[in-house]
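Residue numbers (our numbering), protein chains in the order written: chain A, 1139 to 1757; chain B, 5 to 432. Read through the structure below, which is laid out as structure tokens, and then see the notes.
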Amino acid sequence: MKHFDVVVVGGGHAGCEALHAACRYGLKAALVTLDKTTVGVMSCNPAIGGLGKGHLVREIDALDGIMGTAADMSGIQFRLLNRSKGPAVQGPRTQSDRKLYLEAIQLLLEKQDFITIEGEASALLSSKGVVTGVQLSDGSEVLASAVILTAGTFMRGTIHIGDKRVSAGRMGEGAADKLSVQMESLGATFGRLKTGTPPRLNGDTIDWQQLEIQPADECPVMLSFLSSTPTVRQVGCGITHTNAATHDIIRENIGRSAMYGGHIEGIGPRYCPSIEDKIIRFSDKTSHQIFLEPEGLSTNCVYPNGISTSLPEDVQYKYVRSIVGLEGVEVLQPGYAIEYDFLNPQGLSSDLESSLLGGLFLAGQINGTTGYEEAAAQGLVAAIGVAKKLKAVEPIRFDRSTSYIGVMIDDLTTRGATEPYRMFTSRAEFRLKLRADNADQRLTEQGYRSGCVSSGRYNSFLKKVDQLNICRGALSKMAVSPNQARVAGIELGLDGRRRNGHELLAIPGVSTKHLLALEPALRDCEPSSLTQAAREALYVTYIERQGRDIEALARDLNIDIPVEFEYRGVSGLSSEMISKLSLARPRSLGAAKNIEGITPAALTAVLLRLKSHKLKKAI
Amino acid sequence: MDTIFAQATAHGRAGVSIVRLSGPQAFDISSQFCDRPAVGKTGLRAIRASDGSLVDRAVVLCFEAGASFTGERVVEFHVHGGLATVARLLSELSKCDKCRLAEPGEFTRRALENGQLDLNQVEALADLIDAETESQRQQAIRVLDGSFGDVGAVWRTNLLRAAALLEASIDFSDEEIPSDLYLEVADLVGQTQISISTILERSVIASKIRSGFVVAIVGLPNVGKSTLLNAIAGRQAAITSDVAGTTRDVIEVRVDLMGLAVTFLDTAGLRKSEDDIENLGISMAYSRANEADIRLFLVDSIDETLPLIARPDDFVVLSKADERLSCELSVSGKTGLGVSNLLQLISDKLMQKTPTDVVAIRERQVVGLRAASVVLTRTLELIDQKPLPFELACQELYFALSELDFVFGKIDIESVLDEIFSSFCLGK
């Protein structure tokens, strides 16, 4: 029987990204999926990117992943979120044609060398605490040195619509319950999380005339560094709102909602509440915004973003039709809530290797996250982990001060997940440095040395860096007096100090246009390089100040905590702190600091004990 | 963890000296020396050495873990305060297993480790121990009591909320976030900035309370400055004579003035002199008088031109009150006439300046608060800009929060700890 380096279980966003990355590393890979035709499917909203999420897509792309490219190949409404705010908090996003996205993913995967096996993974095979493959429900075995499990919502997935409840991984697809049971026998303790999806609407029955339309950006910003323009037609989204009648219907029927009827025990995300939640928890709000997002160019299906629900179908029809523009709408598929198993990610290694079995890597919703981008990034990290383990490739460092991926991995492995984890820019304390526009500058070089970035991408990256350096050089050479600056329209105090281009760009309101007027040599620079240099200049003083913080952080917080460190007996730690720390086993004081509920006093106690620890060792 | 011991009271002969024993073995160890009283009960016990000989009869007190200064089990021996008695008890204790003499500041360090005190409280404790006057004591006890920490917690809450509002505008901009959140942000940041500045202003005075106020006596030669100083000191601190220019150096006398630490300076009489050494003294007198908090101008006549421009807090006092009848403020160093009245006036003036509220008392705290205040001022400027640079304002708030964390002992704690513990003395 054929033996693989790695078998990826699940063909969602985590699985596809893991599989593709494994192939880029030259690993012999197999994909186990319930249904070949659903590989790369968007199960929820038809969009990629956004705030924080766009950053993740760019980082995946910088390491030659496929999510950004597939999004660009299928994007029907590119919008740069926070366009009016600073570049650090801008997030590229696109609506994707659901069908085109899936096709793009499958096309990109086809170019790689791997085997697809249709079937349900029902058990993990192992020997002496190390994974040796997976068993399928038909009894056949797929042997591999490593397994990347990306089960999504399939493990003991349960769909709720009102008081109806169906065992399913997605609407119309069976759940994978056997694997949960088998993993429990290995010692896994699952928790339950919940997510929801809205009813899908027939766009032909929406009265678009009545609605405000949000168009795509005039100058689209792409998700991949390698793309330049959209390849398919751009469309707008409709915007409508719930109203008093909608709220009345929902309130009257709240007891029939799966969530409020007590059928659901799983914890849902606070930042993506169902419409029931919105109306009950924010009862003083009389209206909630809904985006009507077309699911594609060749379908009439519309995704109403903002009204996910677990109310019974008849109530869903009623409240949807109470909304302006949707008075005569046809519901193609009811909304539902889905509950699924997840494993507390605390205790995963930074490569996402599970402590359950050596060689078992977990990625995506099984780790308590939500979102395509979060899942895909984890799939990539897991594949890099496998390559590191099997081929001893050069590792890629993901840490909080260099990537959003690092922030997410650190959050998951040290803080754990108490609700579905989603990326936000505010999670990244070094946000000004970790921009979507410089993800390649932060990661591509490392990726190339590690072996997951092709020479094609690497060369185009080098070209970008060359151009940027030329531009930076030209800016450094400038020496503009306040008088000259004033002539060019820059308001400056007459302090007699000559400033270079970087310094001028750091002044609020100064743009590249001002600089082009001052320095003709800049006209020879590529406009994109000049823009990039301007973004860097904007934050340079902040980043320097943060650099000092990083050092201070490193000094105190990078103090390693030995694996065998015994929290019990550290005076000053409450039993709650002891159990939290013992469970999370933070690798450093910094990691300990980030654990939810760990107080400064507790940290001090650990630090002092560590110091006396060291002292004793030295003696 | 070792059990540690040390003399908790001052060294030297005394009626009673206390030896403190702290750590997990404290109860077991004390039982080797006496019939240990129950927790919460006081007992007069015979303390016997390992050879059975009587060391002393002492009052013994036991504290359970969590209910003691260090947070550990603690036993206190209140022995007779003879040097030899204490030395013998310490030497007996040092023979016990897992028991050693405490390092400087180690009891307090354990209190910090065990969460019995926070960083500011540890510092306040040191101040309390060092307090010589009533106002120093009050100031330290306010911090030790946790009031300073309470104010810090309010700042932190405000700034965290402000940051959260800005973050909401960034991360949820695609949703229905009110566009006027910045008003609340400006309000929260502004309030916090003012509150920090107020405490900083007060803290300038607070450091005076720790180090003492300075009152300089200035005036023409031979007007009686040294005599006045001696009267204030109650002793012959300065040499007095009828010869003008007797005082050349600056002579300092430190007194407790109604609970305030005050240093009085006697300075060289201000005149043009041919004598180089006297001139050095005169220029020193000018410079010290300039730095002083209050200047006492001692004059022969109320119409006299003052050698320095008087500041609102200064006093002009007629000298030699015993030789004149005047309704002006006057003193006589020789007879003491008017001196206590003058001291009362000075202490009243200083009392007006003394804060009765929370203050930052340490340089470390003042430095941190000043930095936070500067950062918050910059944050307010950013919030005023149109368009608002959200991510920069947020970043400034995080800088401010990390400055506050430094003050309230949350991060970068390592170097702070070393500094604190190096300034501690054994057994406190």
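Note that the Cβ used here is the ideal one computed from N, Cα and C, for glycine as well.
With distances taken between CB atoms, is the gap from residue i to residue j smaller than 8 Å?
i: Gly-1517 (chain A); j: Gly-1502 (chain A); result: yes
i: Pro-1472 (chain A); j: Gly-1506 (chain A); result: no
i: Leu-1189 (chain A); j: Leu-1219 (chain A); result: yes
i: Leu-105 (chain B); j: Ala-12 (chain B); result: no
i: Tyr-1163 (chain A); j: Ala-1525 (chain A); result: yes
i: Glu-1451 (chain A); j: Arg-1459 (chain A); result: no
i: Ser-351 (chain B); j: Leu-261 (chain B); result: yes
i: Ser-1448 (chain A); j: Gly-1334 (chain A); result: yes
i: Gln-1454 (chain A); j: Pro-1358 (chain A); result: no
i: Val-1177 (chain A); j: Thr-1171 (chain A); result: yes
i: Asp-1489 (chain A); j: Val-1531 (chain A); result: no
i: Ser-1667 (chain A); j: Gln-1579 (chain A); result: no
i: Leu-1361 (chain A); j: Thr-1232 (chain A); result: yes
i: Thr-1378 (chain A); j: Gly-1295 (chain A); result: no
i: Ala-220 (chain B); j: Arg-292 (chain B); result: yes
i: Lys-338 (chain B); j: Thr-231 (chain B); result: yes
i: Ala-62 (chain B); j: Phe-81 (chain B); result: yes
i: Pro-41 (chain B); j: Thr-7 (chain B); result: no
Tell me which residue opens and which closes the beta strand (DSSP E) that residue i is part of.
i: Pro-1442 (chain A); result: 1439-1443
i: Glu-96 (chain B); result: Element bounds for Glu-96 (chain B): not the beta strand (DSSP E) but the alpha helix (DSSP H), 87-98.
i: Glu-1758 (chain A); result: Residue 1758 (chain A) lies beyond the residue range present for chain A, which begins at 1139 and ends at 1757; the question has no answer from this structure.
i: Arg-61 (chain B); result: 58-67
i: Val-222 (chain B); result: 217-223
The alpha helix (DSSP H) with residue i in it runs from where to where?
i: Arg-49 (chain B); result: Looking at the DSSP string, Arg-49 (chain B) is not in any alpha helix (DSSP H); the run it does join, the beta strand (DSSP E), is 47-52.
i: Thr-1378 (chain A); result: First-last for Thr-1378 (chain A): 1375-1379, but that is the beta strand (DSSP E), not the alpha helix (DSSP H).
i: Tyr-1478 (chain A); result: Here Tyr-1478 (chain A) belongs to no alpha helix (DSSP H); instead the beta strand (DSSP E) covers 1474-1481.
i: Glu-138 (chain B); result: 138-148
i: Asp-1415 (chain A); result: 1413-1419
i: Asp-131 (chain B); result: 123-134
i: Val-1458 (chain A); result: 1451-1459
i: Pro-1620 (chain A); result: 1620-1625
Between the Cα of residue i and the Cα atoms of the options, which residue gives the shortest distance?
i: Leu-1486 (chain A); options: A:Ile-1461, A:Arg-1553, A:Thr-1447 and A:Arg-1459; result: A:Arg-1553
i: Asp-1143 (chain A); options: A:Val-1285, A:Ser-1222 and A:Leu-1240; result: A:Val-1285
i: Gly-1271 (chain A); options: A:Ala-1160, A:Glu-1567, A:Glu-1248 and A:Val-1146; result: A:Val-1146
i: Val-117 (chain B); options: B:Gly-194, B:Thr-74 and B:His-84; result: With the sequence shown as reference, residue 117 (chain B) is identified as Glu, and Val is not the correct amino acid for it. Comparing Cα-Cα distances from Glu-117 (chain B) to each of B:Gly-194, B:Thr-74 and B:His-84, the minimum goes to B:Thr-74.
i: Thr-271 (chain B); options: B:Val-259, B:Ala-135 and B:Ala-242; result: B:Ala-242
i: Val-259 (chain B); options: B:Ser-277, B:Thr-251 and B:Arg-239; result: B:Arg-239
i: Ala-18 (chain B); options: B:Ile-8, B:Arg-52, B:Gly-86 and B:Asp-326; result: B:Gly-86
i: Gly-44 (chain B); options: B:Lys-357, B:Arg-77 and B:Ile-286; result: B:Arg-77
i: Asp-55 (chain B); options: B:Val-64, B:Asn-162 and B:Cys-38; result: B:Cys-38
i: Asn-1381 (chain A); options: A:Ile-1405, A:Phe-1363 and A:Asp-1422; result: A:Asp-1422
i: Pro-1368 (chain A); options: A:Ala-1259, A:Gly-1149 and A:Ser-1234; result: A:Ser-1234
i: Lys-1140 (chain A); options: A:Ala-1282, A:Val-1603 and A:Glu-1256; result: A:Ala-1282
i: Thr-1327 (chain A); options: A:Phe-1480, A:Gly-1213, A:Asn-1732 and A:Gly-1192; result: A:Phe-1480
Report yes if the C-beta of residue i is less than 7 Å from at least one heavy atom of the ligand ATP; otherwise report no.
i: Leu-274 (chain B); result: Looking at this structure, you won't find the ligand ATP or any other ligand, since it has none at all.
| request: Residues of the stretch 1180-1194 of chain A with a CB closer than 9 Å to any CB of chain B: list them in chain order, please. | output: Gly-1188, Leu-1189 and Gly-1190
| request: Note down, in chain order, all residues in the stretch 377-400 of chain B with a beta-carbon under 7 Å from any beta-carbon belonging to chain A. | output: Listed by position along the chain: Gln-389, Pro-391, Pro-393, Phe-394, Glu-395, Leu-396 and Gln-399.
| query | Given a limit of 9 Å on CB to CB distance, which residues of the stretch 177-196 of chain B reach chain A? | reply | Only those residues of the stretch 177-196 of chain B whose C-beta falls short of 9 Å from the nearest C-beta of chain A are listed: Ser-177, Asp-178, Glu-179 and Glu-180.
| said: Is it the case that the stretch 1426-1441 of chain A contacts the stretch 1365-1381 of chain A, given that we only count it when at least three CB pairs across the two stretches are under 8 Å? | reply: Yes, since at least three Cβ pairs between the stretch 1365-1381 of chain A and the stretch 1426-1441 of chain A fall closer than 8 Å, the two stretches touch.
| request: Mind the definition here: the stretch 169-186 of chain B touches the stretch 1562-1572 of chain A only if three or more C-beta pairs lie below 8 Å; say whether that holds. | output: yes
| Residues within the stretch 1210-1232 of chain A neighbouring chain B, beta-carbon criterion of under 7 Å | Leu-1219, Asn-1220, Ser-1222, Lys-1223, Gly-1224, Ala-1226 and Val-1227
| task | With 8 Å as the limit, tell me which residues of the stretch 1556-1584 of chain A have their beta carbon closer than that to any beta carbon of chain B; keep them in chain order. | result | Contact residues of the stretch 1556-1584 of chain A toward chain B are Phe-1562, Thr-1563, Ser-1564, Glu-1567, Arg-1569 and Leu-1570 (C-beta to C-beta distance below 8 Å).
| task | Count the C-beta pairs between the stretch 1149-1162 of chain A and the stretch 1196-1204 of chain A that are closer than 8 Å, then say yes if the count reaches three, no if not. | result | yes
| query | Using a Cβ cut-off of 9 Å, which residues of the stretch 1672-1683 of chain A contact any Cβ in chain B, in chain order? | reply | Leu-1676, Tyr-1677, Tyr-1680 and Arg-1683
| Taking Cβ-Cβ distances below 9 Å as the criterion, which residues of the stretch 1415-1442 of chain A are in contact with chain D? | The chain labelled as chain D is not found among the protein chains of the depicted structure, namely A and B.
| task | Check whether the stretch 1210-1229 of chain A touches the stretch 386-394 of chain B, taking contact to mean three or more Cβ pairs, one atom from each stretch, closer than 8 Å. | result | yes
| query | Going along the stretch 1646-1660 of chain A in order, which residues come within less than 8 Å of chain B, judged by CB to CB distance? | reply | Pro-1646
| query | Listed in chain order, which residues of the stretch 159-177 of chain B have Cβ atoms closer than 7 Å to some Cβ of chain A? | reply | Glu-171, Ile-174, Asp-175 and Ser-177
| Three-pair Cβ contact test at 8 Å for the stretch 400-407 of chain B versus the stretch 374-388 of chain B | yes
| query | For the stretch 1585-1593 of chain A against the stretch 1617-1629 of chain A, are there 3 or more C-beta pairs whose distance is under 8 Å? | reply | no
| said: With three or more C-beta pairs closer than 8 Å as the rule, is the stretch 1668-1687 of chain A touching the stretch 1648-1656 of chain A? | reply: yes
| query | Contact between the stretch 299-315 of chain B and the stretch 277-287 of chain B: three or more CB pairs below 8 Å? | reply | no
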